[in-house]
Structure formats: C-alpha cells, structure tokens
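Residue numbers (full-length UniProt numbering), protein chains in the order written: chain G, 1 to 202; chain W, 1 to 202; chain X, 1 to 202; chain P, 1 to 202.
There are 4 protein chains.
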Amino acid sequence: MTVITELVADGSITNPESAKGKLIQCAARLFNTKGFDRTTVRDIAREVGILSGSIFHHFPNKEAILCGVMREAVLIATSKMRAALALADTPEARLQALIHCELESIHGLNGDGFALLVNEWRSLGPDNQAEVLALRDVYEQLWLDVLDQVRAAGLIDMDTFLVRRFLVGALSNTYTWFHLDGDMTLQQLAHQALKLIVRPDQ
Amino acid sequence: MTVITELVADGSITNPESAKGKLIQCAARLFNTKGFDRTTVRDIAREVGILSGSIFHHFPNKEAILCGVMREAVLIATSKMRAALALADTPEARLQALIHCELESIHGLNGDGFALLVNEWRSLGPDNQAEVLALRDVYEQLWLDVLDQVRAAGLIDMDTFLVRRFLVGALSNTYTWFHLDGDMTLQQLAHQALKLIVRPDQ
Amino acid sequence: MTVITELVADGSITNPESAKGKLIQCAARLFNTKGFDRTTVRDIAREVGILSGSIFHHFPNKEAILCGVMREAVLIATSKMRAALALADTPEARLQALIHCELESIHGLNGDGFALLVNEWRSLGPDNQAEVLALRDVYEQLWLDVLDQVRAAGLIDMDTFLVRRFLVGALSNTYTWFHLDGDMTLQQLAHQALKLIVRPDQ
Amino acid sequence: MTVITELVADGSITNPESAKGKLIQCAARLFNTKGFDRTTVRDIAREVGILSGSIFHHFPNKEAILCGVMREAVLIATSKMRAALALADTPEARLQALIHCELESIHGLNGDGFALLVNEWRSLGPDNQAEVLALRDVYEQLWLDVLDQVRAAGLIDMDTFLVRRFLVGALSNTYTWFHLDGDMTLQQLAHQALKLIVRPDQ
DNA sequence: AATGAATGAGGGTTCATTCAT
DNA sequence: TATGAATGAACCCTCATTCAT
C-alpha cells in the first residue's frame with residue numbers, strides 16, 4: 001500500500017479515492033469481466049455512480065480509460081516488484097520474489113488491470129500501445145536482469161528470454177484456474193512455479 | 001492432412017473446400033486477428049467473397065460461426081494428437097508427441113481456431129460453451145492420461161494437473177512471440193518446453 | 001361444398017386439393033394468425049411442405065398470395081350468398097340468409113380469407129386493391145339490394161347504406177369474441193344480429 | 001382538453017408538447033396509416049424531426065412506442081368518458097354520452113391511437129398486452145355499467161355484453177367510412193348508432 | 001415444378017461521443 | 001464538473017426474390 005501512496009504522491013497514478021481513481025478501478029473490473037468491447041461507457045458510469053457523459057471529463061475517449069488502467073497496473077506492479085527486490089539478497093530469493101510479486105499482481109487488488117495487459121492489448125491503438133509498452137519494458141527488464149543473475153549463479157541453464165516467455169504464459173494463465181480462496185495458497189503456487197524453471201538441488 | 005479428410009468423411013467437420021469451410025477459415029483468421037467483437041459479419045463476407053446476408057444460410061448467427069471455428073479446431077487437434085500418440089511408444093515419446101502436436105495446432109494451419117479456444121471463450125454463450133467444453137475435455141483427457149503415465153515412469157514429480165495448467169499457459173502464449181519463420185524451429189521449441197517439465201537425466 | 005366445386009369447375013378459384021390451393025389455404029391461416037407482414041414466405045412454404053423458392057412458381061410475389069386469398073374468399077362468399085338467396089322468399093328471410101351467410105364466411109372454413117378482407121386491406125397495392133374491390137362490390141351489391149327490399153317492406157327505416165356499414169363492423173368484429181364451440185350457436189348469433197336492425201313486430 | 005392537462009399533471013400521460021409527446025403522436029399517425037410493421041423507426045424519427053437513434057432515449061424499443069400510444073389513447077378516452085358521464089343524468093343520456101365519446105375518440109385528435117387499440121393488438125407482446133388490457137378493462141367497465149342501467153330502465157332488452165360487442169364493431173368500423181368533413185355530423189352518426197340498440201319509444 | 005444457395009436492401013437497435021444547460 | 005438528450009454511423013440479422021441446377 002505504501003507503494004501506491006508513493007506513486008500517487010509523485011503523480012504517477014491517480015488517487016484511488018478520487019472520482020477518476022474509482023473510475024479506473026471500476027473500468028478495470030468491467031473490462032476484465034466482460035471484455036473491453038462488450039463493456040459500454042454506460043456500464044462504467046453506472047458502476048461509478050455518475051452519468052455516461054461525465055466520463056468524458058476525465059478521459060477523452062473509451063480507449064483512454066483502458067490505457068489508463070493498463071498504465072497504472074504496470075506502474076504499480078513495477079513498483080511493488082522493486083520494493084520486493086530491495087529486500088531479497090540471493091539470486092534465488094530475488095527470483096522467488098519476482099514470481100510471488102507477479103502472482104500477487106495477477107490475483108491481487110489490481111489483478112484486473114494486470115490481466116488486461118495480456119488480454120486486451122489489441123484494443124489499444126498504436127499510440128497507446130507504444131506508451132504502455134515502454135512501461136512494460138521497464139517491468140520486463142527487471143525480470144531479465146534477475147533471470148540473468150539466476151543463470152549466472154547456475155540455477156537455470158535455459159535461455160533467459162525463453163524462460164521468461166514460458167513463465168509469462170504459465171503465470172498469467174493461472175488467472176483462469178487458480179483462486180485465492182482455494183486449496184492451494186499463492187505461496188505454494190509460487191513455489192511450484194519456481195520448481196518449474198529452477199533445477200532442484202542435487 | 002489425412003486426419004482432416006477422415007473428419008470430413010464422417011461429417012465431424014466441414015469440408016474446407018466448401019463455401020462453409022472457407023467461411024470458417026476466414027472467420028477464424030479474422031476473429032483471431034481483430035477479435036471477435038471487432039470483426040463484423042461484413043468483414044467475413046468480404047473475405048470469403050460473398051455478401052453479408054449469405055452468411056446466415058450457413059450459420060444462424062455470428063456466435064455460431066465462432067462456435068463452429070472452435071469446434072472444428074478442437075476436433076482436428078484431438079484427432080492429430082490421437083494419430084501422433086499411436087506412433088509413440090515410451091511415455092517420454094508420448095509426452096513429446098503431445099507437446100509437439102499442441103505447438104503445431106497453435107502455429108499451424110488452424111492455429112487461429114486453436115488460439116480462439118483460449119482467447120474468445122467469453123464470446124460464447126452458455127450453450128455453445130458447454131458444447132465446445134465437452135470436446136475440449138476429450139482433448140484434455142488425452143493430456144492427463146499421458147501425463148499420468150509420464151509421472152508413473154518417474155519422469156516428473158509435480159502434480160499432473162498443475163503441470164498441464166502451467167503447460168497450457170506456456171505453450172499457448174508462444175502464439176505471441178514464436179514464429180515458424182524465425183531462428184528457432186518448432187522442434188526446438190518443443191524440446192525446450194519438454195525440458196521445462198521433465199527432469200533432466202542425471 | 002357444391003358451390004366450391006362449381007367455382008373450381010369454371011376456373012374462378014383454385015382447386016383446394018391442388019398444390020396452389022393448399023398454398024392459399026395455409027397462407028390465409030398464417031396471414032390471419034400472425035399478420036401479413038410477420039408471415040414470411042418461408043413460413044408458408046414450411047406449412048405447405050415445399051421450399052420457399054417453389055412458391056414463386058405459383059405466385060409472382062408475396063402480395064399476390066394475399067390477393068389470391070382475398071379474391072377466392074370473396075368469390076366463395078358471394079357464391080354461397082347467391083345460393084342461399086335462391087332459397088329465401090320473403091325479404092326478412094333473405095336478410096336473415098345474408099346475415100347467416102356472412103357469419104358463416106367469417107367463422108367457417110375460409111374465415112381466414114374473409115377476415116383478411118377487412119384487416120389486411122392496406123397490405124395490397126393499388127392494382128390488387130382494385131381487383132379485389134371490384135369483386136367485393138358485387139358482394140356488397142347483393143347486400144344493398146336485399147336491404148332495399150327489406151326497407152321497402154317496412155322492416156327497417158334506417159338508411160340502408162348506414163345499416164350495412166354498421167352491420168359490417170358488428171359482424172366482422174364477432175371474429176374477436178365469438179367461437180363456434182362456445183355457448184351460443186351461430187344461428188342464435190345471427191338472430192341477435194337481425195334483431196339489431198329489424199324493428200320487432202309490434 | 002382540460003382532461004388532458006389533468007392527465008399530464010398527474011403523470012398518467014406524456015405532455016403532448018414534449019419531445020416524447022410529439023413522438024407518440026407522430027408514431028400513432030404513422031402506425032395507423034401504414035401499419036405498425038410497415039412503419040420504420042426511421043419514418044417516425046423523420047416525422048418528429050430527430051434521428052433514429054434518439055428514439056431509443058424515450059422508448060426501449062419500437063413495440064414500446066406502440067404500447068405507449070395505446071396506453072395514452074385508452075387513458076384519455078376513459079377520462080373523457082368519465083367527464084361526460086358526470087354531466088349526464090338519465091340512463092339514455094348516459095348511453096348517448098358514451099356513444100358520442102367513443103365516436104369522438106375514434107375520429108378526434110387521438111383517433112389514431114384509439115384505432116390502433118383495435119387493429120394492432122397482435123403487434124404487442126404478452127406483457128404489453130396485459131398492461132393495455134388492464135386499462136381497457138376499466139374503459140369497458142364504464143360501458144357495461146351504463147348498459148346495465150339502460151337495460152334496467154327498459155330501454156334495451158338484448159344481453160348487454162352482446163350489445164357492447166356489436167357496438168364496438170359497428171362504431172370502430174366507422175373509421176373506414178365516416179369522415180368529420182362529410183355530409184353527416186358526428187352528432188347525427190351518434191344518434192343513428194343509438195337508434196340501433198335502443199327501442200324507439202312507442 | 002422444385003430446389004436452395006445467394007442476393008442486397010433495409011430493418012431494429014446499440015453506443016461512443018458531443019454539447020447546451 | 002456534472003448532466004442527459006441528441007447524434008449518426010455501424011452493427012447483426014431478416015427476408016422477398018432470383019436463378020442455375
């Protein structure tokens with residue numbers, strides 16, 4: 001939560017308590033539940049408790065809402081990951097931190113926004129894609145850096161790009177079948193995902 | 001290809017040479033490229049070379065086209081997998097066959113339809129979901145059976161359900177970054193995916 | 001029934017046993033049940049047991065079917081009325097015959113066609129309207145003649161045109177509330193309608 | 001006209017000056033002239049002077065417009081009839097008032113709506129039919145009450161239900177042949193209709 | 001006569017967006 | 001800022017009609 005207050009403070013993201021902030025949250029949930037195209041601006045307005053016309057005082061158009069949702073989602077996820085990395089010493093601990101963070105991003109409060117990064121990419125026009133992509137690159141670079149360290153430490157031997165690609169798919173897909181209130185904890189899920197790419201100690 | 005002729009022969013799928021068959025193929029590509037919602041029936045008609053109204057001689061509505069695409073995609077994939085399994089003896093060979101088959105389904109001729117099974121699930125109404133789900137269960141059961149055999153042979157020690165879930169995500173996600181005309185062959189990709197879940201021989 | 005065989009014999013109406021005859025009957029029922037606009041040629045074709053394209057071997061277009069239905073309905077009704085008049089001697093008996101005949105036309109076998117004469121008049125183009133109108137004028141003339149006789153006999157004192165107009169409305173409207181299998185017989189209904197316009201004997 | 005201002009005031013009907021009110025009036029006329037099915041929402045919009053999409057801010061769908069037209073027509077007719085009854089003392093005067101009112105409803109300003117009650121009943125779905133039917137029952141009950149009084153006074157001897165049915169048909173049918181600017185006045189027409197059911201004084 | 005795939009104009013309806021209030 | 005009526009293009013789908021077979 002501290003992460004979010006900081007991002008709000010430096011103006012990177014919208015205050016979730018503000019009208020615009022609520023709008024982003026509601027939109028994220030609706031976009032993720034029904035899909036971007038099947039969500040109308042009236043749906044969002046109703047959810048927020050305003051009228052459809054008022055939305056356009058906050059965003060120039062519908063696509064900008066999606067873009068805002070994605071931008072904030074990736075910014076938050078990046079910050080959370082940075083904070084977690086700051087506390088992890090060994091390469092393995094850092095990798096574990098990343099996996100855990102990503103799963104938390106997927107299944108946590110702003111999981112909707114994070115899922116949209118994968119599922120609604122096409123709904124963004126070129127300009128917005130470029131904007132979000134730049135932010136996602138920062139996020140991905142954190143991953144690649146850690147994976148390189150892990151590989152240098154001899155814990156994995158697969159190409160790091162490949163590992164990350166496989167992991168992106170495997171983790172984001174948990175959205176379709178893993179639920180926080182099920183039998184398995186997120187901790188356990190992260191551990192299993194780790195086992196997937198790190199050779200067991202001999 | 002023999003697999004397809006057989007399926008056409010017993011009426012399971014539409015003859016790809018027929019008007020309806022072409023319609024399914026064009027629709028699959030458009031749905032996968034632009035998304036189901038952003039693809040209009042006029043788009044499809046134009047692609048096929050007919051008029052929009054003519055589509056509804058073959059399908060009662062737009063959703064039924066998507067359903068048809070998915071149904072045929074999963075039927076073809078299942079048949080191909082069965083054929084491949086028939087030629088594989090050892091558990092490891094069988095697993096490799098499955099991975100290779102799934103990647104071929106994703107990146108091959110009816111890759112569009114296969115991708116839609118993952119990405120446009122929500123665009124199907126309850127009835128159509130049930131219909132396709134039943135067919136997908138058959139497909140998934142082939143996977144679980146082989147994974148059980150592989151596990152019994154001691155090649156993996158993770159829960160087979162979990163392995164399959166991770167693999168579904170990792171493999172389907174290759175759609176976004178792997179291309180047949182790139183540096184890596186599909187054979188190599190399959191090999192790397194196999195390494196992900198099977199412990200290397202010590 | 002004799003009336004119909006005669007009309008068939010001289011070519012005035014289509015043989016009800018023929019394909020075209022069945023088509024007219026089915027169309028009449030559907031037009032009357034669902035309305036002309038809401039009845040599709042496919043509806044009619046399905047009912048008859050042929051395919052939609054085949055209809056146009058019998059009729060140039062949909063409106064011509066309606067026109068055919070109306071024409072035959074009024075021809076049959078006129079013939080029946082003529083036959084009934086031939087058996088009635090006194091003015092009152094003749095009037096009673098007309099009322100009874102009209103009610104039989106409304107509630108009998110070709111009641112659908114007769115109802116359409118009132119309800120779907122607008123669905124006919126000018127040419128078809130003129131054609132049917134000419135036939136209807138013959139029918140109406142029979143009424144006016146008898147009404148004049150009845151008036152001459154002192155049984156009614158209202159303007160005959162007005163009487164006929166009131167009667168047209170009152171009788172055709174029975175279609176909405178009177179049913180042959182109800183408590184009242186058609187005979188009784190006719191008697192009540194007669195009482196409406198003929199002064200009771202003093 | 002006072003009647004209408006009252007109904008507008010208590011929210012029973014739409015203000016005829018408002019956009020929605022104009023819409024109802026235009027729709028009524030078009031529905032009655034061309035038929036419900038042959039009237040497009042674009043026709044209505046053009047007549048009102050708005051665009052087709054704007055209609056759906058006032059009504060959820062086309063059928064709801066027809067329902068609105070009918071509901072207002074029967075509400076106005078009922079109110080007018082109540083007002084007229086309040087001024088009539090004797091049973092005969094009350095009956096004459098009803099006949100006159102109904103003819104005014106048929107041929108007056110909202111005659112279109114009143115005609116639709118008879119002619120486009122089928123175009124309403126079950127729910128809308130039930131809604132309008134409930135209002136029509138109120139209207140019809142006024143008729144039956146008065147007819148019972150008239151019968152009790154010995155002015156008619158036919159079953160009142162039957163009288164009303166005959167009268168509904170006879171009066172509504174005047175729509176097809178009587179015109180206010182013709183030779184006969186509405187007053188005279190009402191008088192003739194009265195003569196139809198009330199025994200002349202001996 | 002019958003078929004049935006194809007036509008293509010037109011239907012009702014949706015919805016992101018605008019703007020005067 | 002917020003409203004909500006109005007816009008107008010675009011959507012899916014219908015259906016009378018045609019025509020090669």
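Beta carbons: idealized from backbone N, C-alpha and C, even for Gly.
Please state whether DSSP places residue i in a helix, a strand or coil.
i, result
"threonine 2/P", "helix"
"phenylalanine 166/W", "helix"
"proline 16/G", "coil"
"aspartate 145/W", "helix"
"asparagine 119/P", "helix"
"phenylalanine 161/P", "helix"
"threonine 178/X", "Before going further, note that residue 178/X is phenylalanine rather than threonine in the sequence given. DSSP places phenylalanine 178/X in coil when its eight states are reduced to three."
"leucine 186/W", "helix"
"leucine 196/W", "helix"
"residue 268/G", "Limits of chain G in this structure are 1 at one end and 202 at the other, which puts residue 268/G out of reach."
"residue 218/X", "Missing from the structure shown is residue 218/X; chain X here goes from 1 to 202 and no further."
"aspartate 10/G", "coil"
"isoleucine 99/W", "helix"
"leucine 171/G", "helix"
"alanine 130/G", "helix"
"alanine 83/P", "helix"
"alanine 153/P", "coil"
"leucine 135/X", "helix"
Identify the contact partners of residue i in chain W, using a Cβ-Cβ distance below 8 Å as the criterion.
i, result
"lysine 195/G", "Met158"
Which residues in the same chain as residue i place their Cβ atom closer than 8 Å to its Cβ, once the five residues preceding and following it in sequence are excluded?
i, result
"tryptophan 121/W", "Gln129"
"cysteine 26/X", "Ile44, Glu47 and Val48"
"leucine 117/X", "Met70, Ala73, Val74, Val132 and Arg136"
"valine 198/X", "Glu92, Leu95, Val150, Leu155 and Ile156"
"leucine 189/W", "Leu103, Thr174 and Phe178"
"alanine 115/X", "Asn32, Ile106, Ser172 and Tyr175"
"aspartate 37/X", "Ser123"
"glutamine 202/W", "Reliability of the predicted coordinates at glutamine 202/W is poor, the pLDDT of 47 falling under 50, and the value obtained from them is presented with this limitation in mind. If we look at glutamine 202/W and ignore the five residues flanking it on each side, it has no Cβ neighbours."
"glutamate 6/G", "Ser79"
"alanine 77/X", "Cys101, Glu102, Ser105, Asn110, Phe114 and Tyr139"
Please list the partners that residue i has in chain X, where partner means a Cβ-to-Cβ separation under 7 Å.
i, result
"glutamate 162/P", "Checking the displayed sequence, the identity of residue 162/P turns out to be leucine instead of glutamate. Neighbours of leucine 162/P on chain X, chain order: Gln192."
"serine 105/P", "Simply none; closest approach about 15 Å."
"valine 168/P", "Asn173"
Which residues of chain X have a Cβ atom closer than 8 Å to the Cβ of residue i, listed in chain order?
i, result
"tryptophan 177/P", "Arg165"
Report the neighbours of residue i on chain G: residues whose CB is nearer than 7 Å to its CB, in chain order.
i, result
"residue 211/W", "This structure does not reach residue 211/W, given that chain W is present from 1 up to 202, and the question cannot be answered."
I want to verify the contact list: residues of chain W whose CB lies under 9 Å from the CB of residue i, in sequence order.
i, result
"arginine 38/G", "Asp37, Arg122 and Ser123"
Report all residues from its chain with a CB closer than 6 Å to the CB of residue i; omit the five preceding and five following residues, and keep chain order.
i, result
"leucine 186/W", "Leu103"
"histidine 107/W", "Leu180"
"valine 8/G", "Asn15"
"arginine 29/G", "Asp112"
"lysine 62/X", "Val41"
"phenylalanine 59/X", "Ile65"
"isoleucine 55/W", "Val41 and Ala45"
"glycine 169/X", "none"
"lysine 20/P", "Thr14 and His58"
"serine 12/W", "Leu75"
Which residues in the same chain have their Cβ closer than 7 Å to the Cβ of residue i, if we skip the five residues on either side of it in sequence?
i, result
"alanine 83/G", "Val3"
"alanine 97/W", "Ala84, Leu85 and Ala88"
"leucine 51/X", "Ala45"
Quick one: which unbroken alpha helix (DSSP H) runs of 4-plus residues sit fully inside the UniProt domain "HTH tetR-type" (17 to 77) of chain W? Chain order, please. 19 to 34 and 41 to 48
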